[in-house]
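Everything below concerns the one structure shown next.
Number of protein chains: 4
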Amino acid sequence: MALQPAPKKVVLAYSGGLDTSIILKWLQTEYRCEVVTFTADLGQGEELEPARAKAEMLGIKPENIYIEDVREEFVRDFVNPMFRANALYEGQYLLGTSIARPLISKRLVEIAEETGADAIAHGATGKGNDQVRFELAAYALNPDIRVIAPWREWDLTSRTKLLEFAEANQIPIAKNKRGEAPFSVDANLLHTSSEGRVLEDPAQEAPDYVLQRITRPEDAPDTPEMIEVTFEKGDAVAIDGEAMSPATILTRLNELGAKHGIGILDLVENRFVGMKSRGIYETPGGTILLEAHRGIEQITLDSGAGHLKDSLMPRYAELIYNGFWFSPEREMLQAAIDASQTLVSGTVRLKLYKGSVRSVARWSENSLYSEAHVTFEEDAGAYDQTDAQGFIRLNALRLKLLAARARRLKG
Amino acid sequence: MALQPAPKKVVLAYSGGLDTSIILKWLQTEYRCEVVTFTADLGQGEELEPARAKAEMLGIKPENIYIEDVREEFVRDFVNPMFRANALYEGQYLLGTSIARPLISKRLVEIAEETGADAIAHGATGKGNDQVRFELAAYALNPDIRVIAPWREWDLTSRTKLLEFAEANQIPIAKNKRGEAPFSVDANLLHTSSEGRVLEDPAQEAPDYVLQRITRPEDAPDTPEMIEVTFEKGDAVAIDGEAMSPATILTRLNELGAKHGIGILDLVENRFVGMKSRGIYETPGGTILLEAHRGIEQITLDSGAGHLKDSLMPRYAELIYNGFWFSPEREMLQAAIDASQTLVSGTVRLKLYKGSVRSVARWSENSLYSEAHVTFEEDAGAYDQTDAQGFIRLNALRLKLLAARARRLKG
Amino acid sequence: MALQPAPKKVVLAYSGGLDTSIILKWLQTEYRCEVVTFTADLGQGEELEPARAKAEMLGIKPENIYIEDVREEFVRDFVNPMFRANALYEGQYLLGTSIARPLISKRLVEIAEETGADAIAHGATGKGNDQVRFELAAYALNPDIRVIAPWREWDLTSRTKLLEFAEANQIPIAKNKRGEAPFSVDANLLHTSSEGRVLEDPAQEAPDYVLQRITRPEDAPDTPEMIEVTFEKGDAVAIDGEAMSPATILTRLNELGAKHGIGILDLVENRFVGMKSRGIYETPGGTILLEAHRGIEQITLDSGAGHLKDSLMPRYAELIYNGFWFSPEREMLQAAIDASQTLVSGTVRLKLYKGSVRSVARWSENSLYSEAHVTFEEDAGAYDQTDAQGFIRLNALRLKLLAARARRLKG
Amino acid sequence: MALQPAPKKVVLAYSGGLDTSIILKWLQTEYRCEVVTFTADLGQGEELEPARAKAEMLGIKPENIYIEDVREEFVRDFVNPMFRANALYEGQYLLGTSIARPLISKRLVEIAEETGADAIAHGATGKGNDQVRFELAAYALNPDIRVIAPWREWDLTSRTKLLEFAEANQIPIAKNKRGEAPFSVDANLLHTSSEGRVLEDPAQEAPDYVLQRITRPEDAPDTPEMIEVTFEKGDAVAIDGEAMSPATILTRLNELGAKHGIGILDLVENRFVGMKSRGIYETPGGTILLEAHRGIEQITLDSGAGHLKDSLMPRYAELIYNGFWFSPEREMLQAAIDASQTLVSGTVRLKLYKGSVRSVARWSENSLYSEAHVTFEEDAGAYDQTDAQGFIRLNALRLKLLAARARRLKG
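Chains as they are written, first to last, in the UniProt record's numbering: chain A, 1 to 411; chain B, 1 to 411; chain C, 1 to 411; chain D, 1 to 411.
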């Protein structure tokens, strides 16, 4: 393929940290292009204003610096729809990193269109899933956008070379960034993931200092705490009776989960690009939310809807993990899932204690639970036990025909 | 349909308890038939010899009393195959009751054939899943067997009537059986379930006294315990390096889980017969086993096998829950699952602490984890990051075509 | 269960034929209840007014006789949504009978509510699928409705007894109904099914006289006929450029298919009640419609949407076959399917000839087909062939790791 | 990534045609490597010995020329297992090209190992599926093999350049290869596909001259022909009672299908690499085989096995289409499918006529069809119609509870 001309203006997903500052400078020097920075507050727990100062220092014009708090949009339009599905990748992972990427790409593409930029850039490496998620989302929203992934392009392939480049370009290097970090961290309102280096051998336990936000279960309070989460149409809307915005609820659940040591996962997973990786995931609020959502579904969904959801979930989770949030098939599955949630409203009581969360009670005006049907007490006519005989016999009919054939063939 | 003639000889699933003793006597009086009793040690934790004495007292001939320890068969041929699938019904239930029923039916049918009996009988009610499981399994194994379900037939429809019948027939009534039990219990080596009466309102927390075998997490040891479980071809074969038989392993895991408060589940589930019920399930060893099995699969299964297993699991679990263990479709799914397990061997280290179990390390000669591929260190050539570009571009192609269409249609 | 009191007023699905006339009279005599008749024009090709005269003759009050043309509703709200899914039961059956039942039940329940009736009745036997479909639909719409299925209740269990009952009750018997019909027929706008008696042995070919509406392929025109079917949002809206109502389109396609011998199926299928049955199905227009819908989807759906639809289809078809049209899971699947159809618009040209229909050309403003990408001509830059290398390498990565493990274990 | 050194010895999939002869020469000149040719008789209908002569002429040593008849292996180990699944890609395509590729790759890799070659090469372009299929299969069998895909590497990107290269290298050019062929053809025993150039516009009908092996239906015999296909364990083993080898059966079915105009498909499909393409597929024998296999399954599989197969099929077909024949998940699905086929034995009678094939009768010692159950005649006790009431009521229970909730909420 013919070499592409250099981009004229690039919107960069910019954290203000060393790596994306190097990328910023590299874009300026390599392509001699104008750079627009986008810094989002996704609840990663860092101040954003230093990113503005740093961008300015690196020569970005004030009107080219975008800093936004997208936490409510993140929870309302991405996290909540995903939790309606009870999504777990490979049975265990709550998709905390995966679900944030399409939102960032969406804003990068929108800002590119607003500012007349012809490309976007991100700081994900060529080995991971995030490059895929960023880029699939971007292409799905704008087929003509160009995506620059410096980690796949440049020759700054070692820590030493990166630091040299930073120094040569007057990029300030925080003291603790001089040496190699013992592991790499990504965070947002839903989770914190740690991976790499000291975590690379899955036969070695992760050291305690890896934990970024969750108290070790052993250090959590000795007394259980009970909370009540209220849902409307499948989304959490209140804690202990107090209505809150989507992001506020997740923030509050994060505090509760973190305090009680809830939501630590040590996982070896299959990346979309074909290799296995090991990560430590901390998802305090999300772990509570999943248990609570399952609890309210237990009484508000019938088996037809519930079992169909269960069977669709693995595919849905895989799509999000692989970066196909903006795809027809994810939207089709979402349509099916959302259609099941119109009456998933009510309240679940949960017990939080030293690393675990368990729903222990649940109630709803929409409950399908019928004590009249299930009771051990003498029937008042809701259920006729003799119906079971016909039910069983016709369910058994094909099995009997199979068994009769087996006997016939045996002679 | 014409009324059937009375059965001549009936094999009864007999626990030795009050209810099945009443059934025994009722069969004798209602049908004037010979009764054969089958009492199985499935690990429910009760002595079996009293059942022999009681059966004899109720007039059963010694040669008609079958008492068997089936614990090894139970774990080897039923529990282990099921755990290879990571089976969870409705996302949470480990199927402890469901998986025991087909084994009991299998022995009932075999004993009927050995003794020339023309029917079998069980003590499950007309409202639950167990009647379905017993009967589907029986019909699948012998299409001509007759199944008698006294709870669907007789008029002993209240506790008072049952006790009157017992007294009238000289069936001894244990002191604690005079009153209504506050809830109903079923147990085997895999789990204990409690349901009914005080548990019937899902909005009410279960009282602590419901727990039959697991220590309350609050009362569990304050110090975590680390264990190592070794797998061969998907089945646990050793704990902390010590090889054990299938049933011994599950017994040992039960002790460990029970001690550490692991495996309590408070669930409202959908019964196959159409109603919801609420149960408290205690599955101490099984909960550890599931986490351990997932841990070893993380490094020994690739994503193709793992994701296919995940997508098949809900259907597999539903089949077992609904009583279709002996069905072509369960066997087909088992064939697929077992085909994935030939190299699922290795060891997982787990941390047990106050209600939770987490795998923290895992290793195997069959590991697919490749540090050379995933490493954050400079590449030694195992992986070419530029491959990611083509990978992403072709995965994006259809999304780009969709986006281009959307733009074209917008004009 | 206690016997129910007799119903006071019953809405009967009444065809005007001998069997439902007997049911009408039986309801009057057995339950001494008022009967309301509902006769629907579903396109079965029979005059409805004779049903009115007969109902009146049997003593039904004029205000209790409902005769309705529901063909448009049938195609618009039932047939078209189903064809959006490309539904085929057991790979081959177009569900012609299954899809009509829920509509009939819906009207029966609505008329019961309008007329204050406490029950509905249908003429389906106790062996088939239709009883299940009628009753599941009715219960899903009105949980308190009572359904009377005379064929499961009465003792008119032979042809002789039926005719005796008819004669004793002055029900006129058409000459050709005196003897046993050689097979049984059901028809509506979508299809005609024939089964029973001469068709009961699946090893015997069906005689030609079984065909009710389709010309034998051997007798069809010797010249192929080309037609063009236009779709909007997944539904056929025009033939050869002429816009028509839903029922008119299906009627016209039926004429075309019947003329060209298209849509004959000889099938042994699995009934929901557990047995196999053999039927001859004639679905002339539906067979063309399925081929045409697939044709337009080929260019308007991407692989993500199309493959998800393919994977959901068997479950969707099974739900309709089994009678679960009015169920949350069918509605969830429909939501997913409908979400895929918003741009399934365009035109397909089809060739009809002596028993087969084949799409031979298709075009659409929404086409995703890109000649620029697929062309054998030299590339103009739409597609970079070197992308394929990275795509393949990363797709292969896990396979390589598996192969490397296999070699390592072999030693 | 560092440039790889040139390969020393390459095994080339060699047809003897112009394109692969150019590749052969290009490998010799570009890499100065030794070339081994592999020419397989997959039933494509061409003489193989001319390929030997041509290879020799191009300087290949006799011991480096591999020419093999793999037709029996092709049908026995690839086609037959696939047909056990009733595999159809995107609802219509019988996967004729897809299924041949893994066999070729398997032999290329084996010959590379035998001859000490360090690479293999194929003649598939960078736009299609075949490159993916060849390479995924190769890497799955030998993780260290190098694959050379000249079409993705060289600069012979136009017909003119190719012909110039051929002339410059004394490669003989058949007269009819001077000009551009109007479309491109691939063939093997299962099918012939045509695509490209005159077929590139899916809105244009394919000209009749595209058909390579099937008679136009209009030109097929005016008289239907009846044949009987016998199956054992899911595989066709005899036609009209005459036992034949796998490849002989497919050859004979091809003759029959071709004669009667059966198996023409005009399809726009989604390639794995992300674009749509349009092809004309001719699969005469395979189309008959699919219909016959479905026919025998109708009476030998119960609904549990059959419906599970239906639900797995789309994924299975997609795997084969995408090139994952040698993958754990395809093998898992195959294990499930094969487990269902042990009793799929018996005979199907089919009617072949002017473009269509229909099964019209089927019989088997393993038949599950029970006339005693399904008969319209008075029951002899095989089936109790009253069982249906309980069956329906319990299937309806959850629907009633949903409906009761809906009424309650409406007030």
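C-beta atoms are modelled at their ideal positions from N, C-alpha and C, and glycine is treated no differently. All values reported here derive from a predicted model rather than from experimental measurement.
For Tyr66(B), report the span of its alpha helix (DSSP H) as first-last.
For the purposes of this step, residue 66(B) is identified with residue 66 of the second sequence, where counting begins at 1. Premise fails: Tyr66(B) lies in the beta strand (DSSP E), Ile65 to Asp69, not in any alpha helix (DSSP H).
For residue 428(D), which three-state DSSP category applies?
Absent from the structure is residue 428(D), since the part of chain D shown begins at 1 and ends at 411.
At least one CB of chain A closer than 8 Å to the CB of Val11(B): is that the case?
Your numbering for residue 11(B) matches position 11 in the second sequence. No - not a single Cβ of chain A is within 8 Å of the one on Val11(B).
So, at 8 Å on beta carbons, what are the nonlocal neighbours of Thr215(B) in its own chain, with the 5 sequence-adjacent residues on each side left out?
As a working mapping, residue 215(B) is identified with position 215 in the second sequence. Spatial neighbours of Thr215(B) in its own chain (CB-CB distance under 8 Å, excluding positions within 5 residues in sequence) are listed in chain order as Ala258, Lys259, His260 and Gly261.
Rounding to the nearest angstrom, what Cα-Cα distance links Arg24(D) and Leu189(D) in this structure?
Looking up residue 24(D) in the fourth sequence gives position 24. Looking up residue 189(D) in the fourth sequence gives position 189. First, the residue type needs correcting, since residue 24(D) is Leu and not Arg in the sequence shown. For Leu24(D) and Leu189(D), the distance between alpha carbons rounds to 25 Å.
Taking 8 Å as the CB-CB limit, is Arg197(A) close to chain C?
Counting from one through the first sequence, the residue named residue 197(A) turns up at place 197. Residue contact check for Arg197(A) against chain C: no CB pair falls below 8 Å.
Determine, using beta carbons only, whether Arg398(D) comes closer than 8 Å to chain A.
Indexing the fourth sequence from 1 puts residue 398(D) at position 398. Contact with chain A is found for Arg398(D), since one of that chain's Cβ atoms lies less than 8 Å from the residue's Cβ.
Determine whether the beta carbon atoms of Gln385(B) and Lys127(A) lie at a separation below 8 Å.
Residue mapping note: residue 385(B) aligns to position 385 of the second sequence, counting from 1. Residue mapping note: residue 127(A) aligns to position 127 of the first sequence, counting from 1. Gln385(B) places its beta carbon less than 8 Å from that of Lys127(A).
Would you say Ser366(A) lies against chain D (beta-carbon separation less than 8 Å)?
Here residue 366(A) is taken as the residue at index 366 of the first sequence, counted from 1. Just to set this straight, residue 366(A) is Asn in the shown sequence, not Ser. Closer than 8 Å: yes.
I need the boundaries of the beta strand (DSSP E) containing Trp363(B), first residue and last residue.
Within the second sequence, residue 363(B) is the residue found at index 363, counting from 1. Counting along the chain, Trp363(B) sits inside the beta strand (DSSP E) bounded by residues Ser356 to Trp363.
Starting from Ile392(A) and walking both ways along the alpha helix (DSSP H), at which residues does that stretch end?
Residue 392(A) sits at position 392 when you count from the first residue of the first sequence. It spans Asp387 to Lys410 - the alpha helix (DSSP H) in which Ile392(A) sits, taken as one unbroken run.
Whole-Å CB distance - Leu94(D) paired with Leu290(D), under 8 Å assumed:
Locating residue 94(D) in the fourth sequence gives position 94, counting from the first residue. Locating residue 290(D) in the fourth sequence gives position 290, counting from the first residue. Contact holds; Cβ gap of about 7 Å.
Coarse secondary structure for Val10(D), derived from DSSP in three states:
Within the fourth sequence, the letter at position 10 stands for residue 10(D). For Val10(D), the three-state secondary structure derived from DSSP is strand.
For Tyr93(A): DSSP bridge partner residues:
The residue labelled residue 93(A) in the question sits at position 93 within the first sequence. Beta-bridge partners of Tyr93(A) (DSSP): Tyr89(A).
Spatial distance of Tyr31(D) from Gln4(D) (CA atoms)
Position 31 of the fourth sequence, counted from the start, is the residue given in the question as residue 31(D). Position 4 of the fourth sequence, counted from the start, is the residue given in the question as residue 4(D). When the Cα atoms are used, Tyr31(D) and Gln4(D) turn out to be separated by approximately 11 Å.
With a 10 Å radius around its C-beta and 16 neighbouring C-beta atoms as the bar for buried, classify Arg398(D) as buried or exposed.
In the fourth sequence, the residue the question calls residue 398(D) occupies position 398. By the 16-neighbour rule on beta-carbons within 10 angstroms, Arg398(D) is buried.
Got a sec: is the Cβ-Cβ distance from Trp363(A) to anything in chain B below 8 Å?
As a first step, residue 363(A) is located in the first sequence; it is residue number 363 there, counting from the start. Yes - at least one Cβ of chain B is within 8 Å of the one on Trp363(A).
Taking a contact to mean a Cβ-Cβ separation below 8 Å, would you say Leu333(D) touches Tyr316(D) in this structure?
For the purposes of this step, residue 333(D) is identified with residue 333 of the fourth sequence, where counting begins at 1. For the purposes of this step, residue 316(D) is identified with residue 316 of the fourth sequence, where counting begins at 1. Contact flag set, yes.
Any alpha helix (DSSP H) of 4 or more consecutive residues that is wholly inside the segment 229 to 312 of chain C
Under the rule that a run must span 4 or more residues, the alpha helix (DSSP H) segments found entirely inside the segment 229 to 312 of chain C read 246 to 259 and 284 to 300.
Length of the line joining the Cα atoms of Glu73(A) and Gln28(D):
By 1-based counting over the first sequence, the position of residue 73(A) is 73. By 1-based counting over the fourth sequence, the position of residue 28(D) is 28. Going by the C-alpha atoms only, they are around 60 Å apart.
Apply the 10 Å Cβ neighbour rule to Met1(C) and answer buried if 16 or more other Cβ atoms are within range, or exposed otherwise.
Position 1 of the third sequence, counted from the start, is the residue given in the question as residue 1(C). For Met1(C), the predicted model reports a pLDDT of 40, less than 50, meaning its position is unreliable; a value from the coordinates is still stated below. That one is exposed.
Just the Cα atoms here: how many angstroms apart are Leu288(A) and His373(C)?
Locating residue 288(A) in the first sequence gives position 288, where the first residue counts as 1. Locating residue 373(C) in the third sequence gives position 373, where the first residue counts as 1. According to the sequence displayed, residue 288(A) carries Ile and not Leu. Going from the Cα of Ile288(A) to the Cα of His373(C) covers about 47 Å.
Contacts of Phe391(D) in chain C (Cβ-Cβ under 8 Å)
For the purposes of this step, residue 391(D) is taken as the residue at position 391 of the fourth sequence. Chain C residues near Phe391(D): Val132 and Val273.
Starting from the beta carbon of Ala305(D), find every residue of chain B whose beta carbon is closer than 7 Å, and list them in chain order.
Here residue 305(D) is taken as the residue at index 305 of the fourth sequence, counted from 1. By Cβ distance, chain B contributes Pro328, Glu329 and Met332.
Contacts of Gln385(B) in chain A (Cβ-Cβ under 8 Å)
Within the second sequence, numbered from 1, the residue matching residue 385(B) stands at position 385. Within 8 Å of the CB of Gln385(B), the CB atoms of chain A belong to Thr125, Gly126, Lys127, Trp151 and Arg152, in sequence order along the chain.
Excluding the 5 residues flanking Lys8(D) on each side, which residues of the same chain have their C-beta closer than 6 Å to its C-beta?
As a position in the fourth sequence, residue 8(D) is number 8, starting the count at 1. Only Cys33 and Asp118 meet the Cβ criterion.
For Asp298(C) and chain D, any beta-carbon pair shorter than 8 Å?
Position 298 of the third sequence, counting from 1, holds the residue named residue 298(C). Per the sequence shown, the amino acid found at residue 298(C) is Gln instead of Asp. Yes - at least one Cβ of chain D is within 8 Å of the one on Gln298(C).
Assess contact between the segment 245 to 252 of chain B and the segment 267 to 276 of chain A, defined as three or more Cβ pairs (one per stretch) separated by less than 8 Å. Is contact present?
The segment 245 to 252 of chain B makes no contact with the segment 267 to 276 of chain A; the number of CB pairs closer than 8 Å stays below 3.
Got a sec: is the Cβ-Cβ distance from Ser370(D) to anything in chain B below 8 Å?
The residue given as residue 370(D) occupies position 370 in the fourth sequence. For Ser370(D), the answer is no, since every Cβ of chain B falls outside 8 Å of its Cβ.
Counting only Cβ pairs nearer than 9 Å, list the residues of chain C close to Thr375(D).
Position 375 of the fourth sequence holds residue 375(D). Correct list: Lys127, Gly196, Arg197 and Glu200.
Other residues of its chain near Glu225(B): CB distance less than 6 Å, five sequence neighbours each side excluded
For this step, residue 225(B) is matched to residue 225 along the second sequence. Closer than 6 Å at Cβ, skipping near neighbours: Leu352.
Contact with chain B by Pro207(A), beta-carbon distance below 8 Å:
As a position in the first sequence, residue 207(A) is number 207, starting the count at 1. Closer than 8 Å: no.
On the DSSP bridge assignment, give the partners of Asp144(C) in chain order.
Residue 144(C) sits at position 144 when you count from the first residue of the third sequence. Among the bridge pairs identified by DSSP, Asp144(C) is matched with none.
Lys351(A) by DSSP, collapsed to three states: which one?
On the first sequence, residue 351(A) is found 351 positions in, with the first residue counted as 1. Note: Lys351(A) maps to strand in three-state DSSP.
What did DSSP end up calling Thr192(A) once you bin it into helix, strand or coil?
The residue given as residue 192(A) occupies position 192 in the first sequence. Reduced to three states, the DSSP call for Thr192(A) is strand.
Any beta carbon from chain B within less than 8 Å of Ala174(A)'s own beta carbon?
Reading the first sequence from its first residue, position 174 is the one you call residue 174(A). With 8 Å as the cut-off, Ala174(A) does not count as an interface residue toward chain B.
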